[in-house]
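Asker: Going down the list, the protein sequences come from chains G and V.
Numbers -7 to 435, taken from my numbering, label the letters of the first sequence in order.
Numbers -7 to 435, taken from my numbering, label the letters of the second sequence in order.
Where a beta carbon is used, it is the ideal one built from N, C-alpha and C, also for glycine.
What you are looking at is a predicted structure, and each value in this text was computed from that prediction instead of being measured.
There are 2 protein chains.
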Amino acid sequence: MLEARGGSVPGEVEEVARLEGVDPSKLARRLAEGRVVILRNARRSGRVRPTGVGEGLRTKVNVNLGTSGTVVDVGMEAEKARIAVRYGADAVMDLSIGGDITGVRRLILREAEPLPVGTVPTYQAWIEGVKRYKAMPPADWFLKVLEWHLRDGVDFATIHAGITRELAEKAVRSRRVEPIVSRGGAMLAAWMLETGEENPYYANWDYVLDLFAEYDAVISLGDALRPGAIADAHDDLQLGELYVNARLLERARERGVQVMVEGPGHVPLNRVALDVRMMKAITRGAPYYVLGPLVTDVAAGYDHIASAIGAAIAAAKGADMICYITPAEHLSLPTPEQVKEGLIAARIAAHAGDIVKLGPRAARWDAEMSIRRARLDWPGMFKLTLDPERARRIHSQFGSPTKACDMCGQYCAFLILGKWLKGRSWPSVDEALDRLGDGHRRC
Amino acid sequence: MLEARGGSVPGEVEEVARLEGVDPSKLARRLAEGRVVILRNARRSGRVRPTGVGEGLRTKVNVNLGTSGTVVDVGMEAEKARIAVRYGADAVMDLSIGGDITGVRRLILREAEPLPVGTVPTYQAWIEGVKRYKAMPPADWFLKVLEWHLRDGVDFATIHAGITRELAEKAVRSRRVEPIVSRGGAMLAAWMLETGEENPYYANWDYVLDLFAEYDAVISLGDALRPGAIADAHDDLQLGELYVNARLLERARERGVQVMVEGPGHVPLNRVALDVRMMKAITRGAPYYVLGPLVTDVAAGYDHIASAIGAAIAAAKGADMICYITPAEHLSLPTPEQVKEGLIAARIAAHAGDIVKLGPRAARWDAEMSIRRARLDWPGMFKLTLDPERARRIHSQFGSPTKACDMCGQYCAFLILGKWLKGRSWPSVDEALDRLGDGHRRC
Chain G
-7 MLEARGGSVP GEVEEVARLE GVDPSKLARR LAEGRVVILR NARRSGRVRP TGVGEGLRTK
53 VNVNLGTSGT VVDVGMEAEK ARIAVRYGAD AVMDLSIGGD ITGVRRLILR EAEPLPVGTV
113 PTYQAWIEGV KRYKAMPPAD WFLKVLEWHL RDGVDFATIH AGITRELAEK AVRSRRVEPI
173 VSRGGAMLAA WMLETGEENP YYANWDYVLD LFAEYDAVIS LGDALRPGAI ADAHDDLQLG
233 ELYVNARLLE RARERGVQVM VEGPGHVPLN RVALDVRMMK AITRGAPYYV LGPLVTDVAA
293 GYDHIASAIG AAIAAAKGAD MICYITPAEH LSLPTPEQVK EGLIAARIAA HAGDIVKLGP
353 RAARWDAEMS IRRARLDWPG MFKLTLDPER ARRIHSQFGS PTKACDMCGQ YCAFLILGKW
413 LKGRSWPSVD EALDRLGDGH RRC
Chain V
-7 MLEARGGSVP GEVEEVARLE GVDPSKLARR LAEGRVVILR NARRSGRVRP TGVGEGLRTK
53 VNVNLGTSGT VVDVGMEAEK ARIAVRYGAD AVMDLSIGGD ITGVRRLILR EAEPLPVGTV
113 PTYQAWIEGV KRYKAMPPAD WFLKVLEWHL RDGVDFATIH AGITRELAEK AVRSRRVEPI
173 VSRGGAMLAA WMLETGEENP YYANWDYVLD LFAEYDAVIS LGDALRPGAI ADAHDDLQLG
233 ELYVNARLLE RARERGVQVM VEGPGHVPLN RVALDVRMMK AITRGAPYYV LGPLVTDVAA
293 GYDHIASAIG AAIAAAKGAD MICYITPAEH LSLPTPEQVK EGLIAARIAA HAGDIVKLGP
353 RAARWDAEMS IRRARLDWPG MFKLTLDPER ARRIHSQFGS PTKACDMCGQ YCAFLILGKW
413 LKGRSWPSVD EALDRLGDGH RRC
């Protein structure tokens, strides 16, 4: 960030620009202004694909994984990391809270290569701290654990610095339906309520900035007070924390430390756009990393869908990274299969948003698919799907159709009209994109 | 409709008003104005739940089923009808095109009770007509088959009257990526191109109205020229057909025949709201029945998710009924399990929209769920989910958790903060709804 601010174009910026097909100097300027971050710990240079998050870039998708308080199966978590790589995630967060947390982190850092990896150091600090000190650990313990994570090569880390003691006290006394649903937020709130001290990250923000600067890692400002029910959306607690985060962000910018900001949570559909606009205004265009938003509270078992709805709208309006939600959300740790389902749902949402945000640059994929579809080019279509295996399996679930699929068979619209479409010169991808045009983004 | 126009409140209106918790006289007025339709063939009075579709009512979800050109398994289609009933569909369409079409229709009419059932009579007319006449059947054959359907008790039927011969000729010569993707539309286009005659429904519209009036059934004006690729969205073909449909609709209104209008299809996310506003303006508030809209073309295998995104936005903006899309869309006839998945995705979309459209009337469900969630009341939560079996199965997929779920275990935010939340008086559903308020609908 400091290098970009000096007017040069760092190597990582060149690489991100190449991957995304954007102008490197424009990208460098956005990085300098704090409108873009690049996920990659300096210690992992060469092993991690530098991943840009922010204005003008493709919407990224993050996969959460990690052991739980009750289910510790390291092999399964490693498998989830491999699924994340295989099915096109852009980042992975290891949220382990059970077993050998350090060991799992180091394993995930390897298994998830070349994806950047994030963590929430608070989990380990609180869980191991409470065991070690047989009471709430001292404030500097949180900073020490953070440093371990960065030294291990973590590319970004969620820091719940915005939940001050005052906000934590307000939250537990509030009339919210769900006072605090963030795990890290709850741990810090319990720590502050028990010790009477201020949030250790908030109180030591300059030192936190020093650490992240040292490793050129990205701070993800957590939303400990995100709404966990649509009735709690955009209340004084959520907004109060966002304002604190925005102040902390400005100090990070002054210092040249990269920051993105996390967002909700549960939000009614018609407030998702408002949420993004508000966040972007308050943070002067910082990259927005959203969890969901889930547009209803009732979809347990299918929350990846409730989340895809909100995430697509958020992405179209400017959210920059989507944290996936699996069908197991609100119910259980996910299985690897559920990780895959959640990831693909989030990728659909991200892409639907990118068609709006990036226009033809993103919609080329759709045009290529539809041109093949109109010509019943099945191998061509399968190759372009998010999950070719699944598409092939469904296509032949009642046998192996010859020309059209088993939905219509011989009564496929393209076959019925074959006689009149024969000899038609089919439009090219570029013609289709021309027609979609840039104008559609202004709707 | 004529009864309501006379100033009285028909029995079906009373029943719909009771089911939806709305004012009967207001509902009768909307029916009279053609802003609401009630799905129920007079012949099936007492066997079918009168189902209101339109302004001020809950967004409805339709399940398509029926034999295909290559897969004819009547038992499986009956099972799909039972799944539709069990998992909360509001209507079923039998789109059978293979085997004994009449027999399947009659079976589905029984199996789907008490749900209203719709069909696309064009399929049977074209398929059996071409066989019977060894050529394109005469125009009055299409009307004869329509009458069979209505006499069997079909509550609503898709009539692709808006694709005139001129539009069909334009479509096959167009530069569209996918000229015509509607099966019924393709059949009618082929019929017109082959015979040189005008669309039989369009040419005999008054007679079509007579038939629907006789059975008090609902016309669903089909969108034969819906975009099948986002690059084709809102082109002159789609809009041309919509204008023809709007004119046909006005003639139906004059005659007191109930009509709803069908919509796309594939539409970029930022044009979904525009699509609904445009349709509502052109049709003077007729009920809008949307297929999707799918916000990307690339999601084959997961199109229920691409569709849920568009459908939720459409519903929030005023679409009145959603046609579900299954994960098998673009690939195959769906299995019963895929029917269930598609239905639940569409129900999530409908409900997300209803939170916006209907406010607290819809959001009560969410408040009840979240209040139970904050108290870790698992049986209470399961009962409120869309698919309690699946929620229970996921909840115990790693064993049977005791208090919190296996995502966090002992580190559940509610448990970590238990000490400080103890003795808290939890907000009631009404308090939560008050806070969500009506104001949020104006965002």
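What residues in the stretch 103 to 133 of chain V have a beta carbon less than 9 Å from any beta carbon of chain G?
Answerer: Taking 9 Å as the Cβ-Cβ cut-off, the stretch 103 to 133 of chain V approaches chain G at Y115, W118, I119, given in chain order.
Asker: Using a beta-carbon distance cut-off of less than 7 Å, what residues from the stretch 264 to 284 of chain G approach chain V?
Answerer: L266
Asker: Once you ignore the five residues that flank G:D312 on each side, which residues in its own chain have a CB closer than 8 Å to its CB?
Answerer: As a first step, residue 312 of chain G must be located in the first sequence, where it is residue number 320. Result list for G:D312: V45, G46, E47, L49, T51, K52, M252, P279, Y280, Y281, in chain order.
Asker: Is V:T187 close to chain G, meaning its C-beta is less than 8 Å from at least one C-beta of that chain?
Answerer: Position 195 of the second sequence, counting from 1, holds the residue named residue 187 of chain V. No, because no Cβ of chain G sits closer than 8 Å to the Cβ of V:T187.
Asker: Under 9 Å Cβ-Cβ, which residues of chain V neighbour G:E423?
Answerer: Taking the first residue of the first sequence as position 1, residue 423 of chain G is located at position 431. Going along chain V in sequence order, the residues near G:E423 (Cβ under 9 Å) are R167, V169, A223.
Asker: Using a Cβ-Cβ cutoff of less than 6 Å, which residues in the same chain neighbour G:N56 once the five nearest sequence positions on both sides are dropped?
Answerer: As a working note, residue 56 of chain G is residue 64 in the first sequence. Excluding residues within five positions, the ones whose Cβ falls inside 6 Å are M85, L87.
Asker: Throw me the rounded Cβ distance for the V:I336 and V:L286 pair, which I believe falls under 8 Å.
Answerer: What you label residue 336 of chain V is simply residue 344 of the second sequence in a count that begins at 1. What you label residue 286 of chain V is simply residue 294 of the second sequence in a count that begins at 1. About 17 Å; that fails the 8 Å criterion.
Asker: Compare the C-beta of V:N237 against all C-beta atoms of chain G and say whether one is closer than 8 Å.
Answerer: For the purposes of this step, residue 237 of chain V is identified with residue 245 of the second sequence, where counting begins at 1. For V:N237, the answer is no, since every Cβ of chain G falls outside 8 Å of its Cβ.
Asker: Just the Cα atoms here: how many angstroms apart are V:E329 and V:P42?
Answerer: Indexing the second sequence from 1 puts residue 329 of chain V at position 337. Indexing the second sequence from 1 puts residue 42 of chain V at position 50. Our two residues, V:E329 and V:P42, have alpha carbons roughly 27 Å apart in a direct line.
Asker: Report the rounded CA-to-CA distance for G:A291 versus G:T327, giving the unit in angstroms.
Answerer: The count along the first sequence starts at 1 and reaches residue 291 of chain G at position 299. The count along the first sequence starts at 1 and reaches residue 327 of chain G at position 335. If I take the Cα positions, the gap works out to 18 Å.
Asker: Hey, how far is the Cα of G:I305 from the Cα of V:S392?
Answerer: On the first sequence, residue 305 of chain G is found 313 positions in, with the first residue counted as 1. On the second sequence, residue 392 of chain V is found 400 positions in, with the first residue counted as 1. Cα-Cα distance, rounded: 36 Å.
Asker: Could you give the C-beta distance for V:D295 and V:P319, rounded to a whole number, given that I count them as a contact under 8 Å?
Answerer: Working through the second sequence from its first residue, we reach residue 295 of chain V at position 303. Working through the second sequence from its first residue, we reach residue 319 of chain V at position 327. Yes, V:D295 and V:P319 are in contact; Cβ-Cβ is about 7 Å, under 8 Å.
Asker: Go ahead and pull the three-state DSSP assignment for V:F390.
Answerer: Translated into positions along the second sequence, residue 390 of chain V becomes position 398. Looking at V:F390 - three-state DSSP - the assignment turns out to be coil, as it is neither helix nor strand.
Asker: So for V:H258, helix, strand or coil by DSSP?
Answerer: On the second sequence, position 266 is the one that residue 258 of chain V refers to. V:H258 falls in the strand class under three-state DSSP.
Asker: Across the stretch 161 to 170 of chain G and the stretch 409 to 422 of chain V, are there enough close Cβ pairs to call them in contact, namely three or more that are closer than 8 Å?
Answerer: yes
Asker: At least one CB of chain G closer than 8 Å to the CB of V:T62: is that the case?
Answerer: Mapped onto the second sequence, residue 62 of chain V falls at position 70. Taking Cβ atoms only, chain G reaches closer than 8 Å to V:T62, which makes this a yes.
Asker: Could you tell me if G:S362 is buried or exposed, where buried requires 16 or more neighbouring beta carbons within 10 angstroms of its beta carbon?
Answerer: Taking the first sequence and counting its residues from 1, one reaches residue 362 of chain G at position 370. Counting Cβ neighbours within 10 Å, G:S362 comes out buried, since at least 16 surround it.
Asker: Counting only beta-carbon atoms, is V:A149 nearer than 8 Å to chain G?
Answerer: One-based indexing of the second sequence puts residue 149 of chain V at position 157. Not closer than 8 Å to any Cβ of chain G, the Cβ of V:A149 fails to qualify, so no.
Asker: Do you know whose CA, among G:R239, G:R263, G:D82, G:D346, lies nearest V:G345's CA?
Answerer: In the second sequence, the residue the question calls residue 345 of chain V occupies position 353. Answer by Cα proximity: G:R263.
Asker: Taking the continuous alpha helix (DSSP H) assigned at G:A342, which residues delimit it?
Answerer: For the purposes of this step, residue 342 of chain G is identified with residue 350 of the first sequence, where counting begins at 1. It spans 328 to 349 - the alpha helix (DSSP H) in which G:A342 sits, taken as one unbroken run.
Asker: By a C-beta neighbour count over all protein chains shown, 10 Å radius and 16 as the cutoff for buried, is G:S212 buried or exposed?
Answerer: Position 220 of the first sequence, counted from the start, is the residue given in the question as residue 212 of chain G. Label assigned to G:S212: buried.
Asker: V:L30 touches chain G at which residues, Cβ-Cβ below 8 Å?
Answerer: As a position in the second sequence, residue 30 of chain V is number 38, starting the count at 1. The identity of residue 30 of chain V in the sequence shown is Ile, whereas the question assumes Leu. Among the residues of chain G, none has a CB under 8 Å from the CB of V:I30; the nearest is roughly 27 Å distant.
Asker: Provide the residue span of the alpha helix (DSSP H) that contains G:M184, from first to last.
Answerer: For the purposes of this step, residue 184 of chain G is taken as the residue at position 192 of the first sequence. Its alpha helix (DSSP H) spans residues 175 to 187.
Asker: Just the C-alpha distance for G:E(-5) and G:R269, rounded to the nearest angstrom, thanks.
Answerer: The residue you call residue -5 of chain G lines up with position 3 of the first sequence. The residue you call residue 269 of chain G lines up with position 277 of the first sequence. So the alpha carbons of these two residues sit roughly 29 Å apart.
Asker: Listed from N- to C-terminal order along the chain, which residues in the stretch 366 to 399 of chain V have their beta-carbon within a distance smaller than 7 Å of any beta-carbon of chain G?
Answerer: A366, M373, L376, T377, L378, D379, R382, A383, I386, H387, Q389, F390, P393, C397, D398, M399
Asker: Less than 7 Å between C-beta atoms, sequence neighbours within five positions excluded: which residues of the same chain meet that for V:P113?
Answerer: Translated into the one-based positions of the second sequence, residue 113 of chain V becomes position 121. So the list reads V137, L138, H141, A149, once near-sequence residues are dropped.
Asker: Looking at V:T275 and V:L241, is the spacing between their C-beta atoms short of 8 Å?
Answerer: The count along the second sequence starts at 1 and reaches residue 241 of chain V at position 249. The count along the second sequence starts at 1 and reaches residue 275 of chain V at position 283. Yes. Within cutoff.
Asker: Taking G:G46 as part of the beta strand (DSSP E), name the residues at either end of that continuous run.
Answerer: For the purposes of this step, residue 46 of chain G is taken as the residue at position 54 of the first sequence. Element bounds for G:G46: 43 to 46.
Asker: Going along the stretch 313 to 335 of chain G in order, which residues come within less than 9 Å of chain V, judged by CB to CB distance?
Answerer: P319, A320, E321, H322, L323, S324, L325, P326, T327, Q330, E333
Asker: Could you list the residues in the stretch 408 to 422 of chain G with a C-beta less than 7 Å from some C-beta on chain V, going in chain order?
Answerer: I408, L409, W412, L413, P419
Asker: Have a look at V:G429, V:A424, V:W412 and flag the residue whose alpha-carbon is nearest the alpha-carbon of G:L161.
Answerer: Numbered from its first residue, the first sequence carries residue 161 of chain G at position 169. One point to set straight first is that residue 161 of chain G is Glu, not Leu, in the sequence displayed. Comparing Cα positions, the closest option is V:W412.
Asker: Residues of chain V with CB under 7 Å from G:R427, in chain order?
Answerer: To locate residue 427 of chain G, count along the first sequence from 1; it is residue 435. A223, listed in chain order.
Asker: So what does DSSP say about V:L229, is it helix, strand or coil?
Answerer: As a working note, residue 229 of chain V is residue 237 in the second sequence. Reduced to three states, the DSSP call for V:L229 is helix.
Asker: Counting pairs of beta carbons, one from the stretch 189 to 203 of chain G and one from the stretch 151 to 159 of chain G, are three or more of them closer than 8 Å?
Answerer: yes
Asker: Among V:A223, V:A221, V:Y235, V:D227, which has the Cα closest to the Cα of V:G214?
Answerer: Along the second sequence, read from residue 1 onward, the residue named residue 214 of chain V stands at position 222. Ranking the options by Cα distance to V:G214, first place goes to V:Y235.
Asker: Based on DSSP bridge pairs, tell me the residues matched to V:L57.
Answerer: Taking the second sequence and counting its residues from 1, the one referred to as residue 57 of chain V is at position 65. BP columns for V:L57 point to V:D86.
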